[in-house]
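Under this note's numbering, the very last position in the sequence shown is 293; numbers go up by exactly one each time. We put the beta carbon where it would ideally sit given N, CA and C, even for glycine.
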Amino acid sequence: MTQTSQWPVPADSVRYVVPAPAIKALSENPLTRELYPLAFGHYRKAEGHHMHREHHRDYLLIYCTDGRAFLNIEGSPYTAEAGDLFLLPPGVAHRYTADPERPWTIHWVHFAGPLATEFRDYMGFGPDTHCLHLGVQPRVLVDFNGLLSVRQTGFRSRGLVHAANRLRQLLAAIPLTVDAATREQQPDLEIIHNFMREHLEERITLEQLAELAGLSPAHFATRYRSQTGTTPIQHFIHLKIERACQLLDTSGLTFAQISARLGYDDAYYFSRLFKKVMGQSPSHYRHASRH
Numbered sequence: 003m004t005q006t007s008q009w010p011v012p013a014d015s016v017r018y019v020v021p022a023p024a025i026k027a028l029s030e031n032p033l034t035r036e037l038y039p040l041a042f043g044h045y046r047k048a049e050g051h052h053m054h055r056e057h058h059r060d061y062l063l064i065y066c067t068d069g070r071a072f073l074n075i076e077g078s079p080y081t082a083e084a085g086d087l088f089l090l091p092p093g094v095a096h097r098y099t100a101d102p103e104r105p106w107t108i109h110w111v112h113f114a115g116p117l118a119t120e121f122r123d124y125m126g127f128g129p130d131t132h133c134l135h136l137g138v139q140p141r142v143l144v145d146f147n148g149l150l151s152v153r154q155t156g157f158r159s160r161g162l163v164h165a166a167n168r169l170r171q172l173l174a175a176i177p178l179t180v181d182a183a184t185r186e187q188q189p190d191l192e193i194i195h196n197f198m199r200e201h202l203e204e205r206i207t208l209e210q211l212a213e214l215a216g217l218s219p220a221h222f223a224t225r226y227r228s229q230t231g232t233t234p235i236q237h238f239i240h241l242k243i244e245r246a247c248q249l250l251d252t253s254g255l256t257f258a259q260i261s262a263r264l265g266y267d268d269a270y271y272f273s274r275l276f277k278k279v280m281g282q283s284p285s286h287y288r289h290a291s292r293h
């Protein structure tokens, strides 16, 4: 049987544990045996909520919609905030504690079945990915609440079959929600690239670009790469190389003068960047372009 926390559930929260005989029936029923819930619930402002599992036996999905909690998963620390979705697979040691000042509000479900690992991968989790940020999504809350509709059915098999298929619906919808959340959070590339073009004669930083996008540097770099296949600073360097080529073609400036104009005091360093991008030195490029 699954190991749920021993947090005392107040009247405005719900913990529903499927009985062992019913779990056995779900694991044998052809309608549910591939994926079935073991326990699920909704904890509202779970003050004092904590758990420590060294030998986790099932999958646990936790969706935080308010407040905060502190987690440690396989030795790595995490802070759960509203909109974060965590998946803790079997065998992954973990512990979590609600923030005493702002205890989290969560929906959660323990589940098992041969398809559980397939759904883990399908949702976008992996061996080193335990958290996805969805934002607070009404669609996800509707699917979690669908599990709770089995309450007050007396553990009847029909109600549990319904819950098992609501679980499948919940897990299958997560990637759609992730895609929508990602699109909403993508930086506006036109604004970013215009800023780069307007500041080609300067040295800009990742932090400046991230601030322009309203994201942390790490999140901005990740999302920029997902959209373009390169890093923002690498793209900025390529824009500088393009401008250097233009100046080599249309002016009599030395490469040292061009380097200085583009924000590089070290012409030798910029020359190496130029050769790495263009496949030839600046002098060879100028000679080839004029003959």
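Per DSSP, D267 lies in no alpha helix (DSSP H) and is assigned neither H nor E. For F113, the beta-bridge partners assigned by DSSP are P39 and Y61. The three-state reading of DSSP puts R227 in helix, counting H, G and I together. The C-alpha of T34 is placed about 14 Å away from the C-alpha of V20.
Rounded to the nearest angstrom, the gap between the Cα atoms of A71 and H109 is 13 Å.
Of all C-beta pairs linking the stretch 239 to 247 to the stretch 195 to 211, three or more are shorter than 8 Å, placing the two stretches in contact. Judged by DSSP secondary structure, H240 falls within the alpha helix (DSSP H) whose first and last residues are P234 to T252. Taking 9 Å as the cut-off, the Cβ atoms of H51 and L150 do not count as close. A Cβ-Cβ distance of about 12 Å is found for the pair A95 and H132, leaving them out of contact under the 8 Å criterion.
In this structure, L90 lies near L63, with their beta-carbon atoms less than 9 Å apart. In the structure shown, the three-state DSSP call for S78 is strand. Beta-bridge annotation (DSSP): M53 is paired with Y98.
An exposed status is given to Q248, since fewer than 16 other beta-carbon atoms sit within 10 Å of its beta-carbon.
Residue burial annotation: V138 is exposed, with fewer than 16 other C-beta atoms found within 10 angstroms of its C-beta. Leaving aside the five residues that flank N74 on each side, the residues in its chain whose CB is nearer than 8 Å to its CB run, in chain order, Y80, H96, R97 and Y98. Below 8 Å, too few C-beta pairs join the stretch 198 to 206 and the stretch 219 to 231 to call them touching: fewer than three. According to DSSP, L87 shares a beta bridge with Y65 and L134. Judged by DSSP secondary structure, R122 falls outside any beta strand (DSSP E) and instead within the alpha helix (DSSP H) spanning A118 to M125. Annotation: G115 to R153 spans about 22 Å, alpha carbon to alpha carbon. For R17, the enclosing beta strand (DSSP E) starts and ends at V16 to V19. Taking the C-beta atoms as reference points, Y18 is found no nearer than 9 Å to F146. Membership of D145 in the alpha helix (DSSP H) is indicated by the continuous run P140 to L150.
Nearest C-alpha to G265 among V142, R205, I176 and P234: R205. By the Cβ neighbour-count rule, S273 is buried, with 16 or more other Cβ atoms within 10 Å of its own.
Residue state for H44 is assigned as strand, using DSSP reduced to three classes. With 16 or more other Cβ atoms inside 10 Å of its own Cβ, Y287 counts as buried.
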